[in-house]
Amino acid sequence: MAAETRLIPAWRLLNREGLHALVDAPRRGLPEGIFLTPNRALHEINAVPLVMAARQVIERAIAQGGLSLTAAGALSRADTRALFDLIDWPDYTKNEVLAVNQVLNEADALPVHVTRIVLQVAGLLRRRGKVLIAAKKAQALLDPNASADLFALLFETTLWRVSLSYFDRFSVEHWPQDHIGIVLWCLSVAANDWADADLLAQVCTVRDERLDRTARDLSGPAMRSRILRPLTWFGLMEMVRRGDEVQADWMRPILFRKTALFDAVVGFKIEVPVPTSAVH
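Numbering (the numbering used here), first residue to last: 77 to 356.
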């Protein structure tokens with residue numbers, strides 16, 4: 077049945093040069109086939125969840141002269157709880173988290189955990205002894221006029237420098253983040269309408285043979301965990317739960333589609349031999 081319903085991936089519209097332009101990334105910066113234009117949507121950029129969370133973490137680090145760390149390098153419970161209360165995150169119900177955790181460690185609070193890791197990898201927070209302090213660059217990026225630069229840095233760091241497989245621990249590491257540029261281009265032409273992660277994985281990813289050796293098909297869950305949900309942190313994808321609202325959230329199917337912000341700020345320098353409408 078799976079073979080009968082398999083869809084043609086959107087990336088097959090591209091030639092070899094186009095694929096390389098989306099995949100070959102320098103040590104810093106984006107692949108040559110991708111560019112950002114966040115200045116076109118500054119108002120929307122300021123409301124992006126990860127941008128707002130990054131500023132809240134940096135501001136607290138500055139106000140306190142640093143964020144206290146545990147021996148393992150995570151934020152202290154006090155800083156974790158304070159930031160947990162401040163940060164708003166898409167499809168994240170704080171009451172449910174608090175119901176199962178008497179105290180909050182950083183790993184229990186995904187928005188705090190993600191934001192701290194991204195900021196540290198981006199060089200905006202750096203360790204000094206038992207605390208994390210804000211780098212000078214981080215302080216400069218708090219300026220409202222620097223929103224575009226902050227968005228661009230967080231986007232590059234999260235999708236190209238942080239291993240998002242760390243947050244789900246699925247057995248197939250790094251996929252499909254290992255070809256994130258291709259996935260983003262495919263989403264740009266094929267994610268106009270609501271679709272689930274399984275369908276988007278078929279249309280927007282290059283399948284890895286390791287997926288065929290797992291006990292269950294991880295392509296949909298990995299696509300959701302490592303691409304689609306992270307893009308909601310940037311306001312580039314939106315999601316909705318379908319089904320009876322009286323059911324628990326985990327029982328209701330999740331659908332995704334790209335937002336207007338995606339088309340406004342993510343661009344591609346790619347030649348397409350055939351019309352992109354063929355994949356709609």
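Cβ coordinates follow ideal geometry from the N, Cα and C atoms, glycine included.
With the rule of 3 Cβ pairs closer than 8 Å, the segment 180-190 does not count as touching the segment 224-233. Taking one beta carbon from each stretch, the segment 249-262 and the segment 278-291 have 3 or more pairs nearer than 8 Å; the two touch. By the neighbour-count definition (other C-beta atoms within 10 Å, threshold 16), residue 298 is a buried residue. The alpha helix (DSSP H) runs of length 4 or more contained entirely in the segment 207-277 are, from start to end of the chain, 212-217, 223-232 and 256-266. Here residue 334 is buried, its C-beta having at least 16 other C-beta atoms within 10 Å.
Annotation for residue 94: the continuous alpha helix (DSSP H) segment containing it runs 92-99. The Cβ-Cβ distance between residue 337 and residue 311 falls below 7 Å.
Between residue 257 and residue 112, the C-beta spacing is not below 7 Å.
Within its own chain, the residues whose Cβ lies closer than 8 Å to the Cβ of residue 306, once the five positions on either side in sequence are excluded, are 234, 235 and 240, listed in chain order. Distance from the CA atom of residue 148 to the CA atom of residue 237, rounded to whole angstroms, is 21 Å. Where residue 172 is concerned, there is no enclosing beta strand (DSSP E), although the alpha helix (DSSP H) around it starts and stops at 170-176. Taken in chain order, the complete beta strand (DSSP E) segments of 3 or more residues contained in the segment 276-339 are 313-317 and 330-334.
As a beta-bridge residue in DSSP terms, residue 143 pairs with 208. For residue 131, the CB contacts under 7 Å within the same chain, skipping 5 residues up- and downstream, are 218 in chain order.
Residue 273 is not a Cβ neighbour of residue 317, given a cutoff of 7 Å.
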